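Protein chains in written order, with the numbering used here: chain A, 18 to 132; chain B, 907 to 1022.
Note that CB positions come from ideal geometry on N, CA and C, so glycine has one too.
Keep in mind the model is a prediction, meaning the values are calculated, not measured.
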Amino acid sequence: AQSVTQLGSHVSVSEGALVLLRCNYSSSVPPYLFWYVQYPNQGLQLLLKYTSAATLVKGINGFEAEFKKSETSFHLTKPSAHMSDAAEYFCAVSGTQGGSEKLVFGKGTKLTVNP
Amino acid sequence: GAVVSQHPSWVICKSGTSVKIECRSLDFQATTMFWYRQFPKQSLMLMATSNEGSKATYEQGVEKDKFLINHASLTLSTLTVTSAHPEDSSFYICSARDPRGMKKLFFGSGTQLSVL
């Protein structure tokens, strides 16, 4: 069985500040991990994914995430927040690289960026 | 890039009526589409896998007679909530897998269903 826990349903940062969104996972098989972003009135978009190649994964829009097996974590970071980063972010885990039908999502974290 | 269109974006209906939600892949053919449901402050939960030309595969606990899925073409899957009740009020979102290249999943923008 797989599960994802996102710590903090809401995160608020100032523009230019570090963004840190936390995700911890549980998986009985080697996991594939994903971060998705959902902007208002839009579908989910893939930010980045971990597929056992490199533990530090770089995604779009300056985001990156580090897979830490010892901590069962896959936290999402961005050095400097931009107003356009305001959105809801979902962490997800899958047992397959394609990230297909058995995606298990976290509850999401809403990021607010203050000017 | 590839786009998945979901319609309507929101719908309000009376208890006991049926509501149909459409999910279209606009620039690729999707043999497989997925339907999720999200209650407020909860995770997206996979409801079913929609397979073109065959029956959908439902997740445990999802009533197949209540949530009818039809995937009659390679670009369209529909979810019909039959005899809707207030407890069916939720956010429904579909996704489609692009069979080309990296086989990425693309998501629709979701449908907010409110049953009065």
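If you ignore the 5 residues before and after A/Ser31, its C-beta comes within less than 6 Å of the C-beta of Asn131, all in its own chain and listed in chain order. Scanning chain B for C-beta atoms nearer than 8 Å to the C-beta of A/Gly112 yields nothing, as the closest lies near 13 Å away. Of all C-beta pairs linking the stretch 101–111 of chain A to the stretch 979–988 of chain B, fewer than three are shorter than 8 Å, placing the two stretches out of contact. Against chain B, the CB of A/Phe122 has a partner CB under 8 Å away; the residue lies at that interface. Shown here, B/Lys972 sits in coil according to DSSP, grouped into three states, outside any helix or strand. Residues of chain B with a Cβ closer than 9 Å to the Cβ of A/Asn131 do not exist; the shortest Cβ-Cβ separation is about 22 Å.
Taking the Cα of A/Ala109 as reference, the smallest distance to any Cα among B/Ser915, B/Lys926, B/Ser949 and B/Ser924 is reached at B/Ser949. In its chain, beyond the 5 residues on either side, Ala990, His991, Pro992, Val1021 and Leu1022 have a beta carbon closer than 8 Å to the beta carbon of B/Ser921.
In this structure, the beta-carbon distance from B/Ser995 to B/Leu1019 falls below 8 Å. Using a CB distance below 7 Å, the part of the stretch 948–977 of chain B facing chain A consists of Gln948, Ser949, Leu950, Leu952 and Thr955, ordered along the chain. For A/Leu61, a Cβ of chain B is located within less than 8 Å of the residue's own Cβ. Between B/Gly1007 and A/Gly60 the beta-carbon gap is near 19 Å, outside 8 Å, which marks them as no contact.
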